[in-house]
Structure formats: C-alpha cells, structure tokens
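Here the numbering used here is used: the first residue of the sequence shown is 161, the next is one more, and so on. Heads up, the beta-carbon is just placed ideally off N, CA and C, and yes, glycines get one too. Note sheet for the following structure.
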Amino acid sequence: MGSMSPMSALTALLKIGRLQLVWMAAIAALIVLGFFRVMTDAEFTLASAAIVPVYLLAWAGGFRHGLIGAALATLMWFISSWVDDPAHATRAVALLNDTTRFLTYLLVAYLTARVRAMHLQEIESARRDGLTGVLNRHAFHEIGHGEV
C-alpha cells in the first residue's frame with residue numbers, strides 16, 4: 161500500500177464513529193478561546209482561531225455540523241464580549257462584529273463541506289472505469305485486502 165495523502169488521512173481519521181470526539185474537541189477549543197479572551201480583557205480575541213473547530217466539524221460531519229459549529233463559535237464570542245463588558249456587548253458595533261464572524265464561519269463550513277463532497281466524489285470516481293462504470297483494478301485490490 162502506498163502512502164496516504166493528507167486529505168485521505170484526515171478523512172480516515174474523522175470517520176462517522178469519531179464525530180463525537182471531534183465535537184468534544186471543538187467545544188473544548190471554543191471554551192478555551194472564550195476563556196482566553198475574557199482573561200486577557202479582550203486584548204487577544206483570536207477570532208480567526210475559531211475557524212479550526214468549525215472546519216473540523218464541517219469536514220467530519222458535513223455542512224449541518226459546520227453550521228452548528230459556526231453558531232456555537234459566534235455565541236462564544238458574543239458571551240465572552242458580554243462577560244468582558246456588558247454595556248459594550250449590546251451596541252450595534254458588537255452585533256455587527258458577531259454577524260461578520262458568523263458569516264465568516266458559515267462560509268468556512270460551506271466551503272469545507274463542498275470540498276469534502278468533491279474529494280469523496282473523486283475518490284469514488286478513481287475506483288471506477290470512466291467508460292463502463294465498473295470497479296477498476298485498484299478497487300479490486302482494496303476489496304481483496306479488506307476480505308483477507
């Protein structure tokens with residue numbers, strides 16, 4: 161067997177059975193980011209770092225999981241803003257910032273889910289003959305190794 165590409169390795173790592181592990185890691189990362197923001201008095205928000213959990217959720221579970229992750233990331237920033245300065249959190253600028261973050265996270269979730277779908281489609285098309293649609297030699301060897 162040859163070496164796996166990084167995308168194939170990530171796909172193998174994030175199988176459906178491990179979706180719960182990805183969710184726990186994503187929630188833990190968002191809590192740590194929110195805690196870090198509050199403890200530094202909003203000096204370091206690291207709003208871009210919340211893209212990583214959203215990306216992993218969208219890759220592991222699809223767009224729906226990425227959408228929920230985007231909403232949770234935005235909620236975390238809203239809550240940490242409110243804890244840091246309750247008067248500032250209700251201002252229009254803070255709401256606009258949260259909306260912008262949500263749209264950014266949503267875009268990441270959508271694009272990640274689309275790339276994953278295209279990646280899986282390419283994997284499947286690489287296993288089939290383009291003319292007949294029959295499984296090719298590579299797929300035959302994969303199935304054989306699985307049976308052995």
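Per DSSP, what kind of secondary structure is residue i in: helix, strand or coil?
i, result
"R251", "coil"
"L295", "strand"
"R288", "strand"
"E222", "A quick correction: the sequence has Gly, not Glu, at residue 222. Coil, per DSSP."
"D245", "coil"
"V275", "helix"
"V308", "coil"
Closest to residue i by C-alpha separation, out of the options, would be which residue?
i, options, result
"T260", "A277, L280, F238", "F238"
"A186", "D201, F223, A230, F196", "A230"
"R224", "V268, V243, T205, H279", "V268"
"S208", "T264, G222, H279, D201", "T264"
"A218", "L255, L181, R276", "R276"
"L280", "L266, M199, A220, Q180", "A220"
"L227", "G194, E307, T205, L271", "L271"
"V198", "T292, D245, L181", "D245"
"D201", "A188, V243, L181", "V243"
In terms of residue numbering, what span does the alpha helix (DSSP H) encompassing residue i cover?
i, result
"A209", "Looking at the DSSP string, A209 is not in any alpha helix (DSSP H), and its letter there is neither H nor E."
"V198", "179-199"
Within the same chain, show all residues whose beta-carbon is closer than 8 Å to that of residue i, passing over the 5 residues directly before and after it, in chain order.
i, result
"D258", "T234, W237, F238, S241"
"V192", "none"
"L298", "Sequence check: residue 298 is His here, not Leu. Counting only Cβ-Cβ distances below 8 Å, and skipping sequence neighbours, we find A286, R287."
"L179", "A220, G221, H225"
Please go through the same chain and pick out, in chain order, the residues whose beta-carbon is closer than 6 Å to the beta-carbon of residue i, but skip the five residues on each side of it.
i, result
"W309", "Since the displayed the chain opens at 161 and closes at 308, residue 309 lies outside it and no answer follows."
"A286", "none"
Please return the same chain residues whose Cβ sits closer than 7 Å to the Cβ of residue i, not counting the five positions on each side in sequence.
i, result
"L190", "A210, P213, L232, A233, M236"
"R274", "none"
"M222", "Note on residue identity: the sequence assigns Gly, not Met, to residue 222. If we look at G222 and ignore the five residues flanking it on each side, its Cβ neighbours are A273."
"N296", "R287, R288, D289"
"Y215", "V268, T272"
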